[in-house]
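*Asks:*
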Amino acid sequence: MKPTPVRRILWVIAILIVLGLLMAGLARAQPVQVTDDRGRAVTLPRPPQRIVSLLPSLTETICALDQCHRLVGVDRYSNYPASVQKLPKVGGGLDPNIEAIVALRPDVVVMSVSSRAGERLEALGVKVVTLEPKTHADVQRVLGTMARLLGQPDDAARKVWRVIDAAVSAAAQSLAPEARNTRVYFEVSRGPYGAGESSFIGETLTRLGVKNIVPASLGPFPRLNPEFVVRANPDLIMMGNRSMQNMVPYPGWDTIKAVREQRLCVYGPDDSDTVVRPGPRMAEAARLMAQCINDKMARKPQAANSPATRP
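Throughout, this note's numbering is defined as the position within the sequence shown, counted from one, plus 1.
1. Using alpha carbons as the reference points, say which of Ala148, Ala168, Gly152 lies closest to Arg159.
2. Is it buried or exposed, Pro179, if we count other Cβ atoms within 10 angstroms and call 16 or more buried?
3. Pull up the distance between the alpha-carbon of Tyr251 and that of Pro227, whole angstroms please.
4. From Ala65 to Pro46, what distance separates their C-alpha atoms?
5. Would you kindly work out how many angstroms separate the C-alpha atoms of Ala30 and Arg71, rounded to a whole number?
6. Measure the beta-carbon distance from Gly210 to Asn182 and round it to whole angstroms, keeping in mind my assumption that it falls under 8 Å.
7. Helix, strand or coil: how does DSSP classify Leu265 here?
8. My assumption, with CB atoms under 8 Å, is that Ser54 sits in contact with Ser84. Please give the rounded CB distance.
9. Using only the alpha-carbon positions, how far apart do Met283 and Val276 sit?
10. What did DSSP end up calling Phe222 once you bin it into helix, strand or coil?
11. If we count Cβ pairs, one from each stretch, closer than 8 Å, do we get three or more for the region 226 to 241 versus the region 252 to 272?
12. Ile165 by DSSP, collapsed to three states: which one?
13. Considering only the alpha carbon of each residue, which of Pro216, Ala173, Val75, Asn213 lies closest to Asn98?
14. For the alpha helix (DSSP H) that contains Gly203, what are its first and last residues?
15. Restricting to runs no shorter than 4 residues, where is the alpha helix (DSSP H) found entirely within the region 121 to 165?
16. Can you tell me the Cα-Cα spacing of Cys293 and Gly145, whole angstroms?
17. What are the partner residues of Leu45, as DSSP defines its beta bridges?
18. Please check the pair Ala259 and Leu289, which I expect to be a contact at CB under 8 Å, by giving their CB distance rounded to whole angstroms.
19. Buried or exposed: which applies to Ala172, given that a residue is buried once 16 or more other Cβ atoms fall within 10 Å of its Cβ?
20. Less than 7 Å between C-beta atoms, sequence neighbours within five positions excluded: which residues of the same chain meet that for Thr62?
21. Looking only at its chain, what residues have a beta carbon closer than 7 Å to the beta carbon of Gly26, apart from the 5 residues adjacent to it on each side?
22. How many whole angstroms separate the CB atoms of Leu132 and Val111, which I take to be in contact at a CB cut-off of 8 Å?
23. Near Ala101, what residues of its chain come up, given a Cβ to Cβ distance below 6 Å and the 5 sequence neighbours on each side ignored?
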């Protein structure tokens, strides 16, 4: 009995499915090697299936690459996306719970360069990859490194970055003409610690077309004398949630234009995490900043019966 055309097609489809599964299996079995931010080459026999992350921005990077399911543990500050909140918490980058991490049997632990866990975990035979995004370029680079570590296709990270970059550009284009060149002060935390031009927050402000009062020469997140901000007299002040906790007015701040005219944007806990983390949500951070600038600086249309428009 000769096979019918339909049966031939079904056989071809079945063969293609089997070949696809074989290729996927081979990809998963291939060794992966990445160079981390210590300059060390880290080799794994296959893409990791059990990952512990000790840095929120790295947690979010893994999930942005649609690989959240590989996470088996995270640091206490990793809270996005919501699914990671159910994972075991293993301390923080500066106070990691080594026993809890080892108990999760990770194939690899990803963390910042400054984390205290790296050498201790490596001494116990645990693979460690350190990555620390600090700028827009770093976010793009870390996406690429993480994609290679995860055994993802070459264009996986590029696709994610294109979406992020396009969204930041869209946020910049949304700014009202009269809001451009607004002089902005972004306070990251009490001190005051400001976001300088060279920080990732500063880069976002620059792309939005506004002026950062904290110059690059002071570093990414310098501690400032409150008098510095008074003298700079910004048009608009942005603050993260942690900066507002137990807020005590700084001396002389009542004379600042932004304070006198109530041009302050204070981000709640969730939005604060978004705007201060150098990771895949930097596009949403740009949107939030642009919204703040437009709300506080753009001219509001006058009503038809307002005194200014009456005949």
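From the three backbone atoms N, C-alpha and C, an ideal C-beta is built for every residue, glycine too.
*Replies:* Looking at the coordinates:
1. Ala148
2. Correcting the residue identity first, residue 179 is Glu in this sequence and not Pro. Label assigned to Glu179: exposed.
3. Those two C-alpha atoms are separated by around 6 Å.
4. 24 Å
5. Straight-line Cα distance between these residues: approximately 16 Å.
6. 7 Å
7. strand
8. Incorrect: roughly 13 Å between the Cβ atoms, too far for contact.
9. 7 Å
10. Three-state result, Phe222: coil.
11. Under the 8 Å Cβ criterion, the region 226 to 241 counts as touching the region 252 to 272, having at least three qualifying pairs.
12. helix
13. Val75
14. 201 to 209
15. 137 to 150
16. 31 Å
17. Val33
18. That belief does not hold up - the Cβ atoms of Ala259 and Leu289 are roughly 17 Å apart, past 8 Å.
19. buried
20. Val143, Leu144, Met147, Gly280, Pro281
21. Interpretation of Gly26 is limited by its pLDDT of 49, a score under 50 that renders its predicted location unreliable; the figure taken from the coordinates is listed afterwards. Cβ within range, chain order: n/a, list empty.
22. 6 Å
23. Val91
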